[in-house]
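J.: First the structure, then my questions, so here it is.
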Amino acid sequence: MKKTYFIGLLLLICNIGLTQTQRVNPLNRAMESYLKEKEAKVGVVVTDSMGNVIAWVNGNYQFPMQSVFKFHIAMVVLAEVDKGTFTLDQKMVIKKSDLKTKTWSPIRDLYPKGTTLTLAEIIDFTVSQSDNNGCDYLLKLIGGPQVVEDYFREKGYPNISIQVNEAKMHKSWNMQYKNWITPAECNRILFDFHQQNQTFLSVDCKKFLLQCMLNTETGMKRLKGKLPEGTPVAHKTGSSGSNTNGVTAAANDVGIVFLPNRNGFIISVFVSQSTESEDVNEEIIANLCLIAWEYFNPKE
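Structure, rendered in structure tokens:
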């Protein structure tokens, strides 16, 4: 009993110390000040190239992921490639019945009657262009959303829930809340994925996924929105749109921002419960990333 009490007290002291450290950090103060008057629940965590958490706002809050989870799905599919279950050049038949109509899908727009694509092409469509039909095809291929959640929890990332696919999220507004992650956990996964000695994927599969993220075409006004032109950002966005009450559940962007010195920082931004416009939600993400960029690149 005494031992349990001591461990609990030690953890509490550590958490208090971490919170105090974050509050005196100039980056954290700048972000908190910027967010004061925003009509939204915003979570942001910034991690430097050494793994130090430099900024933390609502880092342990459970935010709906929306399409951010396509990054995690792609990781699990590629882990199966590394096992030999699939190959990236394997031909996959996509039937017309796989292509839902009332959803975002560049694959369907290009091939409305169905087509045959390589697994690599489907992953690229799903990550780079956030294709919802491609996403659900990949989930079906590996056994469903629970497989993805189990993969990360078994690797020591408990603060993530992936329970439903895109089709189910489109049926009910509240379904999206079944897929959540904390900004802190999202950053931890991204940081570990980016390490040279990462254990998620082979070198080739990691390189492939990183390139898909660098090629992301969605959310150009979010993390990349106010950075110097040409700044490489490997990222994944997620969006819910707004409901009939004008509330946005998710305007997200998470990723790796590469600095001129070739180092980078990890940043996860989740905007939820927002009554702001879409433009303002995206500007929140862009400004938070810019604040982080200027912290790591101080003006002389």
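Residues in the sequence shown are numbered consecutively from 45, following this note's numbering. Where is the CB? At the ideal position from N, CA and C, for every residue including glycine. None of these values were measured; they are calculated from a predicted model.
#1: Can you check the segment 100-162 for any alpha helix (DSSP H) of at least 4 residues that lies completely inside it and give the ranges in chain order?
#2: Using C-beta distances below 7 Å, list every residue in its chain close to L183, excluding the 5 sequence neighbours before and after it, in chain order.
#3: Can you tell me where the beta strand (DSSP E) with G263 in it begins and where it stops?
#4: To the nearest angstrom, how far is it from the Cα of K85 to the Cα of I186?
#5: Under the three-state reduction of DSSP, which class applies to I204: helix, strand or coil?
#6: Looking at I166: is its Cβ nearer than 8 Å to the Cβ of M213?
#7: Grab the span of the alpha helix (DSSP H) containing K212 for me, first residue to last.
#8: Assuming T226 contacts Q106 (C-beta within less than 8 Å), just tell me the rounded distance between them.
#9: By DSSP's criteria, F309 is part of a beta bridge. Which residues make up the other side?
#10: Starting from V192, trace the alpha helix (DSSP H) in both directions and tell me its first and last residue.
#11: For V86, list the residues DSSP reports as bridge partners.
#12: Does DSSP put K280 in a helix, a strand or coil?
#13: Which of the three DSSP states, helix, strand or coil, is assigned to T91?
#14: Please report how far the alpha carbon of F130 lies from the alpha carbon of P202, in whole angstroms.
#15: How is the alpha helix (DSSP H) around D323 delimited, first residue to last?
#16: Please classify E326 as buried or exposed, where buried requires at least 16 neighbouring CB atoms within 10 angstroms.
#17: By Cβ distance below 8 Å, which residues in the same chain neighbour I98 in space, the five residues on each side in sequence not counted?
#18: With distance defined between alpha-carbon atoms, name the residue in S286, E273, T319, C333 nearest to D297.
#19: For I167, which beta-bridge partners are listed by DSSP?
#20: Counting beta carbon pairs with one atom in the segment 119-130 and one in the segment 238-255, are three or more of them shorter than 8 Å?
#21: Would a C-beta distance cut-off of 8 Å place K280 and G299 closer than the cut-off?
#22: Does N72 come out as helix, strand or coil in the three-state DSSP assignment?
#23: For the candidate residues F113, W217, I329, E198, whose alpha-carbon lies nearest to that of K268?
#24: If you measure between the beta carbons of T170 and Q134, is that distance less than 8 Å?
#25: Would you report the Cα separation of N331 and W100, rounded to the nearest angstrom?
T.: In this structure, then:
#1: Runs found: 113-127, 150-154.
#2: Taking the first residue of the sequence shown as 1, we reach residue 183 at position 139. Cβ contact annotation for L183 (same chain, cutoff 7 Å, sequence separation greater than five): I117, P189, N209, in chain order.
#3: If you number the sequence shown from 1, residue 263 lands on position 219. Premise fails: G263 is in no beta strand (DSSP E) and is neither H nor E.
#4: Here the question's residue 85 lines up with position 41 in the sequence shown. Here the question's residue 186 lines up with position 142 in the sequence shown. If you take the alpha carbons of K85 and I186, they lie about 33 Å apart.
#5: In the sequence shown, the residue the question calls residue 204 occupies position 160. Of the three classes helix, strand and coil, the one that applies to I204 here is strand, per DSSP.
#6: Counted from its first residue, the sequence shown places residue 166 at position 122. Counted from its first residue, the sequence shown places residue 213 at position 169. Annotated as distal: I166 and M213, with beta-carbon spacing of 8 Å or more.
#7: Here the question's residue 212 lines up with position 168 in the sequence shown. Annotation for K212: the continuous alpha helix (DSSP H) segment containing it runs 210-215.
#8: The count along the sequence shown starts at 1 and reaches residue 226 at position 182. The count along the sequence shown starts at 1 and reaches residue 106 at position 62. Separation of the CB atoms of T226 and Q106 is rounded to 6 Å, and the pair is thereby assigned contact status at 8 Å.
#9: The count along the sequence shown starts at 1 and reaches residue 309 at position 265. Answer is V301, bridged to F309.
#10: On the sequence shown, residue 192 is found 148 positions in, with the first residue counted as 1. Where V192 is concerned, the enclosing alpha helix (DSSP H) stretches over 189-198.
#11: On the sequence shown, position 42 is the one that residue 86 refers to. Within the DSSP bridge table, the entry for V86 names V315 as partners.
#12: For the purposes of this step, residue 280 is identified with residue 236 of the sequence shown, where counting begins at 1. If DSSP states are grouped into helix, strand and coil, K280 belongs with the strands.
#13: Taking the sequence shown and counting its residues from 1, one reaches residue 91 at position 47. Assignment of T91 by DSSP, reduced to helix, strand and coil, places it in the strand class.
#14: Taking the first residue of the sequence shown as 1, we reach residue 130 at position 86. Taking the first residue of the sequence shown as 1, we reach residue 202 at position 158. Rounded to the nearest angstrom, the two C-alpha atoms are 27 Å apart.
#15: Start at 1 with the first residue of the sequence shown, and residue 323 comes out as number 279. 322-340 is the span of the alpha helix (DSSP H), which, as asked, contains D323.
#16: Stepping through the sequence shown from its first residue, residue 326 is reached at position 282. E326 should be labelled buried.
#17: Locating residue 98 in the sequence shown gives position 54, where the first residue counts as 1. Contacts found: N69, L71, N72, V90, T91, D92, F309, A336, Y339.
#18: Your numbering for residue 297 matches position 253 in the sequence shown. Of the candidates S286, E273, T319, C333, the one whose C-alpha sits nearest the C-alpha of D297 is C333.
#19: By 1-based counting over the sequence shown, the position of residue 167 is 123. I167 pairs with nothing; no bridge assigned.
#20: Between the segment 238-255 and the segment 119-130, the count of Cβ pairs shorter than 8 Å is three or higher; the stretches touch.
#21: Working through the sequence shown from its first residue, we reach residue 280 at position 236. Working through the sequence shown from its first residue, we reach residue 299 at position 255. Against a cut-off of 8 Å, the Cβ pair of G299 and K280 comes out as a contact.
#22: The residue you call residue 72 lines up with position 28 of the sequence shown. Reduced to three states, the DSSP call for N72 is helix.
#23: Here residue 268 is taken as the residue at index 224 of the sequence shown, counted from 1. For K268, the nearest C-alpha among the options comes from I329.
#24: Reading the sequence shown from its first residue, position 126 is the one you call residue 170. Reading the sequence shown from its first residue, position 90 is the one you call residue 134. Remark: C-beta atoms of T170 and Q134 do not approach each other more closely than 8 Å.
#25: On the sequence shown, position 287 is the one that residue 331 refers to. On the sequence shown, position 56 is the one that residue 100 refers to. Answer to the nearest angstrom: the Cα atoms are 15 Å apart.
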